[in-house]
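Positions 45 to 629 (our numbering) are the ones given, in order, by the sequence shown. To start, the structure under review is shown below, and the notes come after it.
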Amino acid sequence: MTAVENISAKPGGHTRRAAWRTRPRRWRLLLVGGFLAQVAVRLVLGAWQTGPVLIPDETGYLLAARLLAGGAVGNLSGRVFYHSGYSLLISPAYWVTDDPATVYRLVIGLNAFLSAALVIPAYLGARRMGLRKIHAWALAQGIALLPGLLYYTQFALSDAVLPTLVSAWLLAVHTWLRKRDVRFGLAAAGLAAFTYCTHPRGVVILLVQVVLLLAVPFLNRRMNRRDLGLVGLSLTLCAVLAWNLNLWVRHALYPAGAASMGHLLVQRLTSVDGLLWTASLTAGKIWYLVVSTWGLAGVGLTAVIVLAVRPGVAMATRATAGTALTALGGIAVATSAAVPDEGTVANHAYGRYLVCLAPFFALAGGAALLRAKPLDRVRLTLGPAGFAAVSGAVVAFGSGDRLRTGFFGPFDFPEICFLTWNWSGLHLWSATWTALVVLMVAVLASASVPEPYARRGMIAALVSLNLAVAGVTTDRVSSYWVRQLTPRVSLRAAGLRPHDRVAMSYRGMGWRIWVSQAFEVRSGLVPFDRFDRRPPAASITLIVVPWSLSRPPTASWPAAQPGWHVVTALDGGIGGWAAWRRDGT
45 MTAVENISAK
55 PGGHTRRAAW
65 RTRPRRWRLL
75 LVGGFLAQVA
85 VRLVLGAWQT
95 GPVLIPDETG
105 YLLAARLLAG
115 GAVGNLSGRV
125 FYHSGYSLLI
135 SPAYWVTDDP
145 ATVYRLVIGL
155 NAFLSAALVI
165 PAYLGARRMG
175 LRKIHAWALA
185 QGIALLPGLL
195 YYTQFALSDA
205 VLPTLVSAWL
215 LAVHTWLRKR
225 DVRFGLAAAG
235 LAAFTYCTHP
245 RGVVILLVQV
255 VLLLAVPFLN
265 RRMNRRDLGL
275 VGLSLTLCAV
285 LAWNLNLWVR
295 HALYPAGAAS
305 MGHLLVQRLT
315 SVDGLLWTAS
325 LTAGKIWYLV
335 VSTWGLAGVG
345 LTAVIVLAVR
355 PGVAMATRAT
365 AGTALTALGG
375 IAVATSAAVP
385 DEGTVANHAY
395 GRYLVCLAPF
405 FALAGGAALL
415 RAKPLDRVRL
425 TLGPAGFAAV
435 SGAVVAFGSG
445 DRLRTGFFGP
455 FDFPEICFLT
465 WNWSGLHLWS
475 ATWTALVVLM
485 VAVLASASVP
495 EPYARRGMIA
505 ALVSLNLAVA
515 GVTTDRVSSY
525 WVRQLTPRVS
535 LRAAGLRPHD
545 RVAMSYRGMG
555 WRIWVSQAFE
565 VRSGLVPFDR
575 FDRRPPAASI
585 TLIVVPWSLS
595 RPPTASWPAA
605 QPGWHVVTAL
615 DGGIGGWAAW
625 RRDGT
């Protein structure tokens, strides 16, 4: 068997299975210890996060969580709708306290546990790919520490949990098809529906699950038709529940309507210019996936394609490989077609949307490398080199000079910035060659040492590199932007108190400011017109209004009432704002 085919082999023999039975407690402790270590790493990295900075995404999820926990209703009309599945998972933070700062820290803690759970499907997946228990455990730890996965756990974003959900879904699909056990079919249906509830990318997952369900009778004629009906019914019911929950949250938080990207999707997929745009951005996402995983996802992508098309591969493995590839292509194309042209570098190369599938493809790549012979490992590096070179060329050609002139935010490129050690621009080819050199050096180094140590060395190198990148990007990107952005928009500068009732003059106010402050105010923001001569309600203690930086703060409220005074005035980055407090409050 070739190294690529080996990733579908059944693990172990009688000797190893017997050894497992003789040491169950030891292995269970090792599995639990690995999970807790993953939690600890995430808690340490997220300890510096004190409030949302990726606005409006984080605030959208947090306000929905507050609503689902029975708290105040916010107003995000005109912004993009954020699906409610992730908000449902983090809503228990509001049961503990209504203090926004404490809620945010609890959410980061919940992220740590939900994200660390990825090691469970990763370990089981590695075992399905033919690795021994110790190698499967070690590789699962390394994959769960990929910088992209750790990075998003530091924010209140659905990307903190989507990798766990999607990995568990693919594992359930493979188990269902291999064992023909309806319980795993029901699990796959539920996970697909909940992914749909969590993010628009889940729409693709749901559609792929529907197509798979329709194809199963042709893939395996021995599959019980009654079981297929149960799985289909479960998928339908779960999808309807998810749709209704999203609809309820949408009506509550977006009373004047939410921004829609559907028209962009249709326009891009039905015009020549739109298709060219979509193809270029799709290539950018593939490029980012390969480079940000040090080429592992490129090896895995090659291996999964081979498994999906090669005759003689087990049906369950081929179908799961096809499912993963379809999901990858669907998400890459849909998110590329629906994204507006914002004039940013991230329009052309972006990793967030495919991070949910990064563990699966990186795991497949890691398993293929660990099972291959030294010479075969070198050959396997041709796959990521090809994907990175071709997709990178498409990005460079399709974007023209916009990679140089567009707005560059290091928060969109944490791993890429590390590879080039440049935090102010995207150097596409430098990042590409650096990632491929890292992979090649690891492969060549493994060929120069005895085989038992080669696998350990590669996994140790992966873990060490991931932790180093995570530490640097936390300092240079995530915690840096907390320090830079939070003081400019936070109502803490205005001395916000728990009992304050806050009114907001929205007209002329930068959206980043009011969306950020909507999360900080426990009772929600009260709309207010700063030009209205009528006095504000007696319950209002703090009023926030837009402020022109060229004028004194006292001019920010033209109809200011007696008994009010300015407590702060700040440049929010996209316009200024001033806060007025009622005397004696």
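Positions of the beta carbon are idealized from the N, C-alpha and C atoms, including for glycine. These numbers come from a predicted model, not from an experiment.
If you draw a 10 Å sphere on the C-beta of Trp292, you find fewer than 16 other C-beta atoms in it, and that means exposed.
Approximately 7 Å separates the beta-carbon atoms of Cys400 and Arg245; this is inside 8 Å, confirming the contact. The C-alpha of Ala504 lies about 17 Å from the C-alpha of Ala479. According to the DSSP assignment, Gly617 belongs to no beta strand (DSSP E), since it is labelled neither H nor E. For Pro191, there is no enclosing beta strand (DSSP E); the residue is part of the alpha helix (DSSP H) that begins and ends at 191 to 196. By the Cβ criterion, the stretch 179 to 192 is not in contact with the stretch 379 to 388, since fewer than three pairs of Cβ atoms, one from each stretch, lie closer than 8 Å.
Contact between the stretch 222 to 233 and the stretch 277 to 284 is present: 3 or more CB-CB pairs across the two stretches fall below 8 Å. Distance check between Ala145 and each of Ala91, Ala489, Gly95 places Gly95 closest, using alpha-carbon atoms only.
Contact between the stretch 535 to 545 and the stretch 210 to 225 is absent: fewer than 3 CB-CB pairs across the two stretches fall below 8 Å. The closest CA to that of Ala378, considering only Leu132, Ser567, His243, is found on His243. Taken atom to atom, the span from the alpha-carbon of Leu309 to that of Trp473 is near 29 Å. CA-CA distance, Arg269 to Ala365, rounds to 23 Å.
If you check the CB distance, Leu158 and Val205 come in under 9 Å.
As summarised for the stretch 463 to 491, the continuous alpha helix (DSSP H) elements at least 4 residues long and confined to that stretch are 472 to 491, given in chain order.
Per DSSP, Val117 lies in no alpha helix (DSSP H) and is assigned neither H nor E. Of the candidates Phe228, Arg362, Leu340, Arg362 places its Cα closest to the Cα of Ala259. The alpha-carbon separation between Thr425 and Leu535 amounts to approximately 51 Å. Among the bridge pairs identified by DSSP, His609 is matched with Arg625.
When the alpha-carbon of Pro403 is set against those of Gly356, Cys241, Gly229, Pro207, the nearest one is in Pro207.
The C-beta distance from Gly118 to Gln198 rounds to 23 Å, too long to meet the 8 Å contact threshold. Apart from the 5 residues on each side of it in sequence, Phe575 sits with its Cβ closer than 7 Å to the Cβ of Pro602, Ala603 in its chain, given in chain order. Taken through DSSP and simplified to helix, strand or coil, Pro494 comes out as coil. Exclusion of the five residues before and after Val334 leaves Ala341, Gly342, Pro428, Phe431, Ala432 as the residues of its chain whose Cβ lies within less than 6 Å of its Cβ. When beta bridges are read from the DSSP output, Trp321 appears opposite no residue. Within the same chain, Gly186 come within 7 Å of Leu506 by CB-CB distance, once the 5 residues on both sides are set aside.
Distance from the CA of Gly78 to the CA of Trp71, rounded to the nearest whole angstrom, comes to 10 Å.
Taking 9 Å as the cut-off, the beta carbon of Val439 is found closer than this to the beta carbon of Gly328. Looking from the CA of Thr449, the closest CA among Ala623, Gly395, Gly469 belongs to Gly469. Between Ile152 and Leu194, the CB-CB gap reaches or exceeds 9 Å. Fewer than three pairs of CB atoms, one per stretch, sit closer than 8 Å, so the stretch 299 to 313 makes no contact with the stretch 135 to 142. By the neighbour-count criterion, in which 16 or more other beta carbons inside 10 Å mark a residue as buried, Tyr196 falls on the buried side. A check of alpha carbon separations from Arg626 across Val147, Arg415, Thr585 identifies Thr585 as the nearest. Boundaries cannot be given for Leu201, as no alpha helix (DSSP H) includes it and DSSP labels it neither H nor E. Between Gly552 and Pro590, the gap from beta carbon to beta carbon is short of 9 Å. The three-state reading of DSSP puts Leu401 in coil, since its state is none of H, G, I, E or B. Fully enclosed alpha helix (DSSP H) runs of no fewer than 4 residues occupy 446 to 449 of the stretch 430 to 459, in order along the chain.
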